[in-house]
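The structure appears right after this line, and notes come after that.
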Amino acid sequence: MFKVRTPAIICLTTSPLLNATDSGGIFNGLLSKFTTIIGNEASQIPEPAMVAIATRVPDACHVYTGDVHQLESHIRCSRTSTPAKFGALGVMDLLVQRRIPMAPLTTTFRPHPELNAMPNRLFNNNTLISGTTAANRRLFLNNTRCRNRKLPFLFVKVTGYSQRTAGPTPALRRPKHAATPFAFCSVPRSGQNR
624 MFKVRTPAII CLTTSPLLNA TDSGGIFNGL LSKFTTIIGN EASQIPEPAM VAIATRVPDA
684 CHVYTGDVHQ LESHIRCSRT STPAKFGALG VMDLLVQRRI PMAPLTTTFR PHPELNAMPN
744 RLFNNNTLIS GTTAANRRLF LNNTRCRNRK LPFLFVKVTG YSQRTAGPTP ALRRPKHAAT
804 PFAFCSVPRS GQNR
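Numbering (my numbering), first residue to last: 624 to 817.
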(Lines of atoms letter the chains of each structure in order from A; the text may use other names.)
(Lines give C-alpha, C1' and ligand atoms only; values in the text may rest on other atoms or scores of the structure.)
Protein backbone atom coordinates (compact mmCIF):
# COMPACT_ATOMS: atom_id res chain seq x y z
CA MET A 624 0.00 0.00 0.00
CA PHE A 625 2.73 2.49 0.92
CA LYS A 626 4.64 1.87 -2.33
CA VAL A 627 1.73 3.21 -4.39
CA ARG A 628 1.18 6.34 -2.31
CA THR A 629 2.42 7.21 1.14
CA PRO A 630 -0.59 8.41 3.12
CA ALA A 631 -0.37 11.73 4.95
CA ILE A 632 -3.59 11.11 6.88
CA ILE A 633 -4.96 7.77 8.03
CA CYS A 634 -8.48 7.49 9.46
CA LEU A 635 -9.11 4.56 11.78
CA THR A 636 -11.49 3.83 14.60
CA THR A 637 -10.02 2.93 17.98
CA SER A 638 -9.88 -0.87 17.68
CA PRO A 639 -8.32 -0.96 14.18
CA LEU A 640 -5.77 1.66 15.30
CA LEU A 641 -4.72 -0.53 18.22
CA ASN A 642 -4.58 -3.62 15.97
CA ALA A 643 -2.62 -1.81 13.25
CA THR A 644 -0.04 -0.52 15.74
CA ASP A 645 0.37 -3.82 17.59
CA SER A 646 3.47 -5.97 16.99
CA GLY A 647 2.92 -7.42 13.53
CA GLY A 648 0.41 -4.68 12.68
CA ILE A 649 0.69 -2.77 9.41
CA PHE A 650 1.94 0.42 11.13
CA ASN A 651 4.17 -1.16 13.78
CA GLY A 652 7.43 -0.13 12.11
CA LEU A 653 6.13 3.37 11.34
CA LEU A 654 5.00 4.56 14.79
CA SER A 655 7.78 7.14 15.07
CA LYS A 656 6.43 8.84 11.92
CA PHE A 657 3.02 9.55 13.45
CA THR A 658 2.94 13.24 14.39
CA THR A 659 -0.68 13.79 15.40
CA ILE A 660 -3.49 11.61 16.72
CA ILE A 661 -6.95 13.17 16.49
CA GLY A 662 -9.63 11.49 18.58
CA ASN A 663 -13.10 12.46 17.38
CA GLU A 664 -16.18 11.91 19.57
CA ALA A 665 -13.78 11.65 22.50
CA SER A 666 -16.58 11.26 25.04
CA GLN A 667 -17.02 7.77 23.58
CA ILE A 668 -13.34 6.79 23.76
CA PRO A 669 -12.87 4.88 27.03
CA GLU A 670 -9.93 5.73 29.29
CA PRO A 671 -8.16 2.36 28.73
CA ALA A 672 -8.24 2.89 24.94
CA MET A 673 -6.71 6.36 25.29
CA VAL A 674 -3.96 5.00 27.54
CA ALA A 675 -3.24 2.21 25.03
CA ILE A 676 -3.07 4.68 22.12
CA ALA A 677 -0.83 7.07 24.05
CA THR A 678 1.45 4.16 24.99
CA ARG A 679 1.69 2.93 21.39
CA VAL A 680 2.31 6.38 19.88
CA PRO A 681 4.02 8.32 22.69
CA ASP A 682 5.68 11.01 20.57
CA ALA A 683 2.54 12.13 18.74
CA CYS A 684 0.53 15.21 19.67
CA HIS A 685 -2.93 14.13 20.85
CA VAL A 686 -5.97 16.26 19.97
CA TYR A 687 -9.39 15.21 21.23
CA THR A 688 -12.71 16.67 20.14
CA GLY A 689 -16.05 15.94 21.67
CA ASP A 690 -18.77 16.99 24.05
CA VAL A 691 -18.85 15.89 27.68
CA HIS A 692 -22.66 16.04 27.55
CA GLN A 693 -22.98 13.79 24.52
CA LEU A 694 -22.69 10.02 25.09
CA GLU A 695 -21.08 7.90 27.74
CA SER A 696 -17.85 6.13 26.92
CA HIS A 697 -19.31 2.61 27.12
CA ILE A 698 -22.32 3.10 24.87
CA ARG A 699 -21.11 0.31 22.54
CA CYS A 700 -19.63 -1.89 25.28
CA SER A 701 -21.28 -4.71 27.11
CA ARG A 702 -22.31 -3.70 30.64
CA THR A 703 -20.18 -6.60 31.86
CA SER A 704 -16.98 -5.38 30.17
CA THR A 705 -14.17 -4.51 32.58
CA PRO A 706 -14.09 -0.76 31.77
CA ALA A 707 -17.88 -0.49 32.19
CA LYS A 708 -17.91 -2.49 35.45
CA PHE A 709 -15.19 -0.41 37.04
CA GLY A 710 -16.49 2.91 35.74
CA ALA A 711 -13.63 3.91 33.45
CA LEU A 712 -14.20 7.45 32.25
CA GLY A 713 -14.25 8.72 28.69
CA VAL A 714 -11.41 10.88 27.39
CA MET A 715 -13.44 14.11 27.60
CA ASP A 716 -14.34 13.45 31.25
CA LEU A 717 -10.68 12.85 32.06
CA LEU A 718 -9.56 16.03 30.33
CA VAL A 719 -12.21 18.11 32.11
CA GLN A 720 -11.23 16.66 35.51
CA ARG A 721 -7.54 17.39 34.91
CA ARG A 722 -8.27 20.96 33.79
CA ILE A 723 -6.59 20.43 30.42
CA PRO A 724 -7.02 23.61 28.32
CA MET A 725 -10.04 23.43 26.02
CA ALA A 726 -11.28 25.46 23.11
CA PRO A 727 -14.99 25.72 22.34
CA LEU A 728 -16.16 24.38 18.99
CA THR A 729 -17.71 27.35 17.21
CA THR A 730 -17.73 26.21 13.59
CA THR A 731 -18.45 22.82 12.11
CA PHE A 732 -17.48 21.71 8.61
CA ARG A 733 -19.59 19.24 6.68
CA PRO A 734 -19.07 18.00 3.13
CA HIS A 735 -21.60 19.28 0.64
CA PRO A 736 -23.69 16.37 -0.76
CA GLU A 737 -22.72 17.34 -4.30
CA LEU A 738 -19.06 16.78 -3.44
CA ASN A 739 -19.76 13.10 -2.73
CA ALA A 740 -21.50 12.69 -6.10
CA MET A 741 -18.91 14.61 -8.13
CA PRO A 742 -16.40 11.78 -8.84
CA ASN A 743 -19.14 9.55 -10.24
CA ARG A 744 -20.63 12.35 -12.32
CA LEU A 745 -17.33 13.48 -13.82
CA PHE A 746 -15.49 10.23 -14.39
CA ASN A 747 -17.94 7.33 -14.28
CA ASN A 748 -20.83 8.58 -16.46
CA ASN A 749 -23.14 9.07 -13.46
CA THR A 750 -22.67 5.45 -12.40
CA LEU A 751 -21.69 4.42 -8.90
CA ILE A 752 -18.87 1.91 -9.28
CA SER A 753 -18.13 -0.50 -6.47
CA GLY A 754 -14.69 -2.08 -6.17
CA THR A 755 -12.52 0.52 -7.89
CA THR A 756 -9.50 -1.01 -9.61
CA ALA A 757 -5.99 -0.05 -8.47
CA ALA A 758 -5.41 1.89 -11.70
CA ASN A 759 -8.46 4.09 -11.08
CA ARG A 760 -8.07 4.77 -7.34
CA ARG A 761 -6.46 8.15 -7.98
CA LEU A 762 -8.59 8.96 -11.02
CA PHE A 763 -10.38 11.88 -9.35
CA LEU A 764 -7.28 13.45 -7.78
CA ASN A 765 -5.17 12.96 -10.89
CA ASN A 766 -7.76 14.79 -12.99
CA THR A 767 -8.37 17.74 -10.68
CA ARG A 768 -6.24 20.86 -10.66
CA CYS A 769 -5.63 22.75 -7.44
CA ARG A 770 -3.18 25.54 -6.70
CA ASN A 771 -1.20 23.46 -4.25
CA ARG A 772 -0.73 19.89 -5.50
CA LYS A 773 0.47 18.80 -2.05
CA LEU A 774 -2.79 19.97 -0.47
CA PRO A 775 -5.54 19.20 -2.99
CA PHE A 776 -8.31 21.14 -1.23
CA LEU A 777 -9.78 24.59 -1.38
CA PHE A 778 -12.45 25.67 1.09
CA VAL A 779 -15.42 27.43 -0.43
CA LYS A 780 -18.11 29.09 1.66
CA VAL A 781 -21.58 27.82 0.80
CA THR A 782 -24.67 29.36 2.34
CA GLY A 783 -26.12 27.07 4.95
CA TYR A 784 -28.16 27.32 8.10
CA SER A 785 -27.78 26.80 11.80
CA GLN A 786 -30.27 25.63 14.36
CA ARG A 787 -29.99 25.85 18.12
CA THR A 788 -30.92 22.79 20.13
CA ALA A 789 -34.12 22.97 22.15
CA GLY A 790 -33.71 23.48 25.89
CA PRO A 791 -30.67 24.63 27.82
CA THR A 792 -27.35 24.56 25.98
CA PRO A 793 -24.51 22.89 27.94
CA ALA A 794 -21.76 25.27 29.01
CA LEU A 795 -19.13 23.76 26.70
CA ARG A 796 -21.39 23.58 23.63
CA ARG A 797 -21.60 26.62 21.38
CA PRO A 798 -23.98 27.40 18.48
CA LYS A 799 -22.79 26.53 14.98
CA HIS A 800 -22.04 29.25 12.44
CA ALA A 801 -24.46 29.80 9.60
CA ALA A 802 -22.19 28.64 6.81
CA THR A 803 -21.37 25.16 5.62
CA PRO A 804 -17.96 25.20 3.94
CA PHE A 805 -17.02 22.26 1.79
CA ALA A 806 -13.89 21.07 0.05
CA PHE A 807 -13.78 21.70 -3.68
CA CYS A 808 -11.12 21.55 -6.39
CA SER A 809 -11.10 22.90 -9.90
CA VAL A 810 -12.21 20.00 -12.06
CA PRO A 811 -11.95 19.16 -15.75
CA ARG A 812 -14.92 19.20 -18.09
CA SER A 813 -17.19 16.19 -17.99
CA GLY A 814 -16.21 13.51 -20.48
CA GLN A 815 -12.46 14.12 -20.31
CA ASN A 816 -10.39 11.16 -21.39
CA ARG A 817 -9.00 9.08 -18.59
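For glycine and all other residues, C-beta sits at the position ideal for the given N, C-alpha and C.
- MET715 is the residue among ARG721, MET715, CYS684 and VAL680 whose C-alpha sits nearest the C-alpha of ASP690.
- Between ASP682 and SER655, the gap from beta carbon to beta carbon is short of 8 Å.
- Look at THR659 here: in three-state DSSP terms it is strand.
- Distance from the CA of ALA631 to the CA of GLN667, rounded to the nearest whole angstrom, comes to 25 Å.
- For VAL691, there is no enclosing alpha helix (DSSP H), as DSSP marks it with neither H nor E.
- A straight line joining the alpha-carbon of LEU718 with that of ASN748 spans about 49 Å.
- Of the other Cβ atoms in all chains shown, 16 or more fall within 10 Å of the Cβ of PRO669; this residue is therefore buried.
- For PRO639, the secondary structure class from DSSP, reduced to helix, strand or coil, is helix.
- Straight across, the Cα-Cα distance linking ILE676 with GLN720 is about 20 Å.
- Nearest in C-alpha terms to ASN663, of all of THR678, GLY713 and ARG679, is GLY713.
- Secondary structure note for MET725: it is in no alpha helix (DSSP H), with a DSSP letter that is neither H nor E.
- Here ALA672 is not near THR688, since their CB atoms are 8 Å or more apart.
- Within 10 angstroms of the beta-carbon of LEU751 lie fewer than 16 other beta-carbons, which makes it exposed.
- Ranking ARG761, THR637 and ILE649 by CA distance to the CA of VAL674 puts THR637 first.
- Apart from the 5 residues on each side of it in sequence, THR658 sits with its Cβ closer than 7 Å to the Cβ of ALA683 and CYS684 in its chain, given in chain order.
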